[in-house]
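Engineer:
Number of protein chains: 2
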Amino acid sequence: QGTRDHAPAQAALRDRLLSAVVSCFKRHGAAAIDTPVLELRETLMGKYGEDTKLIYELQDQGGELLALRYDLTVPFARYLAMNKVNNMKRYHVAKVYRRDNPATTRGRYREFYQCDFDIAGQFDPMIPDAECLKIVHEILSDLQLGDFVIKVNDRRILNGVFAVCGVPESKFIPACSTVDKLDKMPWEEVRSEMVGEKGLSPEAADRIGEYVQLHGGLDLIEQLLQDPKLSQNKLAKEGLGDMKLLFEYLALFGITGKVSFDLSLARGLDYYTGVIFEAVLLQQENEHVEEPVSVGSVAGGGRYDGLVGMFDPKGRKVPCVGVSIGIERIFSILEQRLEASGEKLRTTETQVLVATPQKHLLAARLKLISELWDAGIKAEMLYKKDPKLLKQLQYCEDTGIPLAAIVGEQELADGVVKLRDVATRKEVRM
Amino acid sequence: QGTRDHAPAQAALRDRLLSAVVSCFKRHGAAAIDTPVLELRETLMGKYGEDTKLIYELQDQGGELLALRYDLTVPFARYLAMNKVNNMKRYHVAKVYRRDNPATTRGRYREFYQCDFDIAGQFDPMIPDAECLKIVHEILSDLQLGDFVIKVNDRRILNGVFAVCGVPESKFIPACSTVDKLDKMPWEEVRSEMVGEKGLSPEAADRIGEYVQLHGGLDLIEQLLQDPKLSQNKLAKEGLGDMKLLFEYLALFGITGKVSFDLSLARGLDYYTGVIFEAVLLQQENEHVEEPVSVGSVAGGGRYDGLVGMFDPKGRKVPCVGVSIGIERIFSILEQRLEASGEKLRTTETQVLVATPQKHLLAARLKLISELWDAGIKAEMLYKKDPKLLKQLQYCEDTGIPLAAIVGEQELADGVVKLRDVATRKEVRM
Numbered sequence: 001q002g003t004r005d006h007a008p009a010q011a012a013l014r015d016r017l018l019s020a021v022v023s024c025f026k027r028h029g030a031a032a033i034d035t036p037v038l039e040l041r042e043t044l045m046g047k048y049g050e051d052t053k054l055i056y057e058l059q060d061q062g063g064e065l066l067a068l069r070y071d072l073t074v075p076f077a078r079y080l081a082m083n084k085v086n087n088m089k090r091y092h093v094a095k096v097y098r099r100d101n102p103a104t105t106r107g108r109y110r111e112f113y114q115c116d117f118d119i120a121g122q123f124d125p126m127i128p129d130a131e132c133l134k135i136v137h138e139i140l141s142d143l144q145l146g147d148f149v150i151k152v153n154d155r156r157i158l159n160g161v162f163a164v165c166g167v168p169e170s171k172f173i174p175a176c177s178t179v180d181k182l183d184k185m186p187w188e189e190v191r192s193e194m195v196g197e198k199g200l201s202p203e204a205a206d207r208i209g210e211y212v213q214l215h216g217g218l219d220l221i222e223q224l225l226q227d228p229k230l231s232q233n234k235l236a237k238e239g240l241g242d243m244k245l246l247f248e249y250l251a252l253f254g255i256t257g258k259v260s261f262d263l264s265l266a267r268g269l270d271y272y273t274g275v276i277f278e279a280v281l282l283q284q285e286n287e288h289v290e291e292p293v294s295v296g297s298v299a300g301g302g303r304y305d306g307l308v309g310m311f312d313p314k315g316r317k318v319p320c321v322g323v324s325i326g327i328e329r330i331f332s333i334l335e336q337r338l339e340a341s342g343e344k345l346r347t348t349e350t351q352v353l354v355a356t357p358q359k360h361l362l363a364a365r366l367k368l369i370s371e372l373w374d375a376g377i378k379a380e381m382l383y384k385k386d387p388k389l390l391k392q393l394q395y396c397e398d399t400g401i402p403l404a405a406i407v408g409e410q411e412l413a414d415g416v417v418k419l420r421d422v423a424t425r426k427e428v429r430m
Numbered sequence: 001q002g003t004r005d006h007a008p009a010q011a012a013l014r015d016r017l018l019s020a021v022v023s024c025f026k027r028h029g030a031a032a033i034d035t036p037v038l039e040l041r042e043t044l045m046g047k048y049g050e051d052t053k054l055i056y057e058l059q060d061q062g063g064e065l066l067a068l069r070y071d072l073t074v075p076f077a078r079y080l081a082m083n084k085v086n087n088m089k090r091y092h093v094a095k096v097y098r099r100d101n102p103a104t105t106r107g108r109y110r111e112f113y114q115c116d117f118d119i120a121g122q123f124d125p126m127i128p129d130a131e132c133l134k135i136v137h138e139i140l141s142d143l144q145l146g147d148f149v150i151k152v153n154d155r156r157i158l159n160g161v162f163a164v165c166g167v168p169e170s171k172f173i174p175a176c177s178t179v180d181k182l183d184k185m186p187w188e189e190v191r192s193e194m195v196g197e198k199g200l201s202p203e204a205a206d207r208i209g210e211y212v213q214l215h216g217g218l219d220l221i222e223q224l225l226q227d228p229k230l231s232q233n234k235l236a237k238e239g240l241g242d243m244k245l246l247f248e249y250l251a252l253f254g255i256t257g258k259v260s261f262d263l264s265l266a267r268g269l270d271y272y273t274g275v276i277f278e279a280v281l282l283q284q285e286n287e288h289v290e291e292p293v294s295v296g297s298v299a300g301g302g303r304y305d306g307l308v309g310m311f312d313p314k315g316r317k318v319p320c321v322g323v324s325i326g327i328e329r330i331f332s333i334l335e336q337r338l339e340a341s342g343e344k345l346r347t348t349e350t351q352v353l354v355a356t357p358q359k360h361l362l363a364a365r366l367k368l369i370s371e372l373w374d375a376g377i378k379a380e381m382l383y384k385k386d387p388k389l390l391k392q393l394q395y396c397e398d399t400g401i402p403l404a405a406i407v408g409e410q411e412l413a414d415g416v417v418k419l420r421d422v423a424t425r426k427e428v429r430m
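Line by line, the protein sequences are chains A and B. The first sequence begins at 1 in my numbering and counts up by one. The second sequence begins at 1 in my numbering and counts up by one.
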């Protein structure tokens, strides 16, 4: 349940998509690492907040207690701590596992790919963070998914907002996860969850409401830096200062047009400590709609400066920032688009079919195809002793093989091969 | 235990190895498929003989009872049956899981990659089987692993041998798994296991011994086809007839020099029904050793005509033959060889480092690198506001970046970039 096989056409599409993402990661100088699908249970516990219950555990068959990885970030942090790596730019494309309620039409599975790029190390502020946003911008532009916006916020700003609105520190995390729902429900509902379920005072909730419904650019950052309450809060001030620097760098990258400083962005995971971001596709359903409709998040990430320290025996910290591309949702979109276009993706790369027009020529086919393979040419033949020529040409048309190399009795006698262009039917002897 | 992280240098080597294997599979016209790491437990049970106890099971957390896949062959058969596919040439490169005793120095892990190529469908005999052997030959030759031999046998011949030696049919499988140990122990020990543990009569064991110590080529096939006892056995006769045909095709492929018909080859898995094969590397330890020493199996496979039918509600059969490349052992060999050579594998593909020779030029670097990325050029910069030029050039040397694009105050003023070849120190303004 919640998993799926990929048939060749899907595997080919996925391959194309993953290649585009990986080539962007490589363009930014990332190296690949690989970690096991299995992790010790204790490695995963306490890292994901409420979602820990969604972790797949392995049966105790003797030996260590194991679980399937839930994301690629925690294993990366574990890797850095275990190998005492202080400094690394890596990507990792692999499957992760969540015992979530599957919603397969929207691309939500229990087994799914994640494509992560992360920068670990102590650097000057906001330079790696800006690069992560540049990567999201490049990938979403390359894939031509339509218009998108990258929402940016900072956990320090959010916590500062909670503090100046009179929320006790113990309630920052629950307040945060409620704010995160603002992309799916109106403020009124979020407010009532804050007051009802999370136990915030109505006054605190109202004050929070004034902040978290704000979004904008550099102007909003400047405005909040002047805000009489926020500007008194150390955390918020730090976060806003860094946000300003981030926007400066994003302007040099030329991508501020697609970036929105959005105070409603909170993100669910516990481990974020600074900048957070999330990219959503916008869908202009028709021209009369004023606000474009969001069709869901396709990339997300942020800064997590404390996670590596949780795995280090001495608590040695390695600041990290990273981005995860939501490949499954993008795959669903591309799949639907391909279907609508009627285009048929080739599932093989075969260049030439080795064919014979008469009987008793299997040996000639085997000899020729062997020569082609040894020369590095992608070649196939039918696994029949005496196939009809028509069947062989039909196979080329069905599978998109552009050429047929035909050896008949005449060609054998003359020591040549007849090369046929399947589409144009033109033939040359060679 | 028995799993490992791949650091960038290892990941890069593995990538190179997997690409070589996959490009061979594609050269033979295979399409990719993907199946989940998780399978229903019942799918895996009863397919692997004694090794079923090595399957990793997931904890029952409600819902289906799951296990981690043990190989890629059973999931492939399940896929064919579930999707009613009668005909497919596919490859699959993915990790599989076995709760075996790890022997990591010899490349035996609990999580490891398999690289499988399989041909499913009803075809004329031995044509797909011969292609599988050709593939093994191509891959082992391409990778330049040194001399190797591909041992070939047929389950039908083995069963015929057991029958004519007086083994009751119920003991074919245990006898088979004992014969399989002949590559690791001398005949005397195998014989005593047959008689002691497996309960064969000493006479039967002795008669088996006369057969299973034979190996050769077409001559041996001809000899056995004339064997007064074996030639009377229907199964053996079929197997020998097909073996003769196989050698004919392998001769056309020009690879009989590396193929040995070896009656001691049995292979452990239950599901094989016809041709079986296994490739081993030979190691000429020194010139005085007469027989080359085998360093273990690096590829194996065979025909399994009954497996798909086990998953089909109507028992509909789809004959299959396939090969699995033992990538982990090959990886160990390549890793040791690389280490011995002292060669350093680059872990990134960065073409150019964007550098500045003076302070206060971060903006210039960010602008230039952004242009390079947008033009598809693989570029990096240091994440510092004001790095020293020497540090920047040192980074190029450490990571193998061939070029540095330098923008200083003079270059900015002139509207040029200074491109420096890191190795030769030659510079051009452009």
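Heads up, the beta-carbon is just placed ideally off N, CA and C, and yes, glycines get one too. What you are looking at is a predicted structure, and each value in this text was computed from that prediction instead of being measured.
Residues in its own chain within less than 8 Å of Arg106/A by CB, not counting five upstream and five downstream?
Structural biologist: Gly296, Arg329, Ser332
Engineer: For Asp116/B and Val22/B, I'd like the C-alpha separation in whole angstroms.
Structural biologist: 9 Å
Engineer: So what's Gly301/A in DSSP terms, helix, strand or just coil?
Structural biologist: strand
Engineer: Put Ile33/B into one of helix, strand or coil per three-state DSSP.
Structural biologist: Ile33/B: coil per DSSP, three-state reduction.
Engineer: Three or more C-beta pairs under 8 Å: does that hold for the segment 41-55 of chain A against the segment 402-414 of chain A?
Structural biologist: In short, these stretches do not touch, since the Cβ pair count stays below three.
Engineer: Who are the neighbours of Ala451/A on chain B, taking C-beta pairs under 8 Å?
Structural biologist: The structure shown has nothing for residue 451/A, since chain A only spans 1 to 430.
Engineer: Does the Cβ-Cβ distance between Gly309/B and Arg303/B come in under 9 Å?
Structural biologist: no
Engineer: Could you tell me whether the Cβ atoms of Arg98/A and Phe76/A are closer together than 9 Å?
Structural biologist: no
Engineer: Just reading off the beta strand (DSSP E) that Val259/A is part of, what are its end residues?
Structural biologist: Run containing Val259/A: 259-262, per the beta strand (DSSP E) assignment.
Engineer: Helix, strand or coil: which one does DSSP assign to Tyr56/A?
Structural biologist: coil
Engineer: Does Ala355/A pass the burial test, meaning 16 or more other C-beta atoms within 10 Å, or should it be called exposed?
Structural biologist: buried
Engineer: Please list the terminal residues of the continuous beta strand (DSSP E) segment that includes Phe117/A.
Structural biologist: 111-120 is the span of the beta strand (DSSP E), which, as asked, contains Phe117/A.
Engineer: Would Trp187/A count as contacting chain B if we go by Cβ distances under 9 Å?
Structural biologist: no
Engineer: In chain A, what lies closer than 9 Å to Phe123/B by C-beta?
Structural biologist: Leu382, Tyr383, Lys384
Engineer: Taking the C-alpha atoms as reference points, what is the distance between Pro174/A and Ala130/A?
Structural biologist: 28 Å
Engineer: Which residues mark the beginning and the end of the alpha helix (DSSP H) in which Asp129/B is found?
Structural biologist: In the DSSP assignment, Asp129/B falls within the alpha helix (DSSP H) that extends over 127-142.
Engineer: So Phe25/A is in the alpha helix (DSSP H); what residue range does that whole segment cover?
Structural biologist: 8-27
Engineer: With DSSP as the reference, label Met479/A as helix, strand or coil.
Structural biologist: Absent from the model: residue 479/A. The displayed extent of chain A is 1 to 430, so no value can be given.
Engineer: State the DSSP-derived secondary structure class of Val275/B, mapped to helix, strand or coil.
Structural biologist: If DSSP states are grouped into helix, strand and coil, Val275/B belongs with the strands.
Engineer: Under a Cβ-count criterion, where at least 16 other Cβ atoms within 10 Å of its own Cβ denotes burial, should Leu230/B be classed as buried or exposed?
Structural biologist: buried
Engineer: Alpha carbon to alpha carbon, how far is Val280/A from Val136/B?
Structural biologist: 47 Å
Engineer: Buried or exposed, going by whether 16 or more other CB atoms sit within 10 Å of the CB of Arg425/A?
Structural biologist: exposed
Engineer: Check whether the Cβ of Pro36/A lies closer than 9 Å to any Cβ atom in chain B.
Structural biologist: yes
Engineer: Would you mind stating whether Val37/A and Leu68/A have Cβ atoms separated by less than 9 Å?
Structural biologist: yes
Engineer: Which same chain residues end up closer than 6 Å to Glu427/A when comparing Cβ atoms and leaving out the 5 residues on each side of it in sequence?
Structural biologist: Lys418, Arg420
Engineer: State yes or no: is the beta carbon of Phe331/B nearer than 9 Å to at least one beta carbon in chain A?
Structural biologist: Phe331/B does not count as touching chain A.
Engineer: At a cut-off of 8 Å, is Arg346/A close to the ligand GDP when judged by its beta-carbon and the heavy atoms of the ligand?
Structural biologist: You won't find the ligand GDP in this model; it holds no ligand whatsoever.
Engineer: Note down, in chain order, every chain B residue with its Cβ under 8 Å from the Cβ of Gly196/A.
Structural biologist: Result: empty, since nearest Cβ-Cβ is about 29 Å, beyond 8 Å.
Engineer: Would you identify the three-state DSSP class for Phe123/A, choosing helix, strand or coil?
Structural biologist: coil
Engineer: List, in chain order, every chain B residue whose beta-carbon is nearer than 7 Å to that of Glu111/A.
Structural biologist: Pro36, Val37, Leu38
Engineer: Within 10 Å of its beta-carbon, does Met243/B have 16 or more other beta-carbons around it, so buried, or fewer, so exposed?
Structural biologist: buried
Engineer: Using a C-beta to C-beta distance shorter than 9 Å, which residues of chain A count as neighbours of Tyr48/B?
Structural biologist: Within chain A, no C-beta atom comes less than 9 Å from the C-beta of Tyr48/B; the nearest is roughly 16 Å away.
Engineer: Which residues does DSSP list as the beta-bridge partners of Asp154/B?
Structural biologist: Val275/B
Engineer: To which residues of the same chain is Ile377/B closer than 7 Å at the C-beta, ignoring the five residues directly before and after it?
Structural biologist: Gln351, Val352
Engineer: Between Ser370/B and chain A, is there a C-beta pair that is closer than 9 Å?
Structural biologist: yes
Engineer: Quick one: residues in its chain with C-beta nearer than 6 Å to the C-beta of Ile208/A, no 5 flanking neighbours on either side, listed in chain order?
Structural biologist: Cys165
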